[in-house]
Amino acid sequence: MKNFTADNGGKFIRQLGGSTFHVDVIIDKCTITNMKEAIFRTDSKTSTVRMTNTRYSNVGQKWIGVQHIYENNNTQF
């Protein structure tokens with residue numbers, strides 16, 4: 001996901017609930033606000049998230065179930 005603005009949702013990204021296949025999530029140059037639960041939620045132990053150059057606020061728990069996380073140059077506001 002690149003150059004995207006999301007406001008007022010449950011989750012920004014949700015991998016299919018109960019699935020365990022590998023997903024690589026890349027979030028770059030986004031603005032994410034007012035998520036009730038999380039930015040990304042997964043049930044897979046191998047899925048990854050990479051978030052860079054992103055602004056976020058009021059996102060609940062940032063990551064749920066994610067074990068492989070890379071973040072750089074993000075701003076919480």
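Quick note: the sequence shown uses full-length UniProt numbering, first residue 1, plus one each step.
Here a beta-carbon is modelled for each residue, glycine too, at the ideal position from N, C-alpha and C.
Annotated as distal: GLY17 and ALA38, with beta-carbon spacing of 9 Å or more. Note on geometry: alpha-carbon atoms of ASN3 and MET51 lie some 12 Å from one another. Collapsing the DSSP output to three states places SER57 in a strand. Taking the Cα of THR48 as reference, the smallest distance to any Cα among THR5, ARG14, GLY9 is reached at ARG14. Between the alpha carbons of ASP43 and ASN34 lies a distance of about 22 Å. Note that the C-beta distance between THR20 and LYS45 is below 9 Å.
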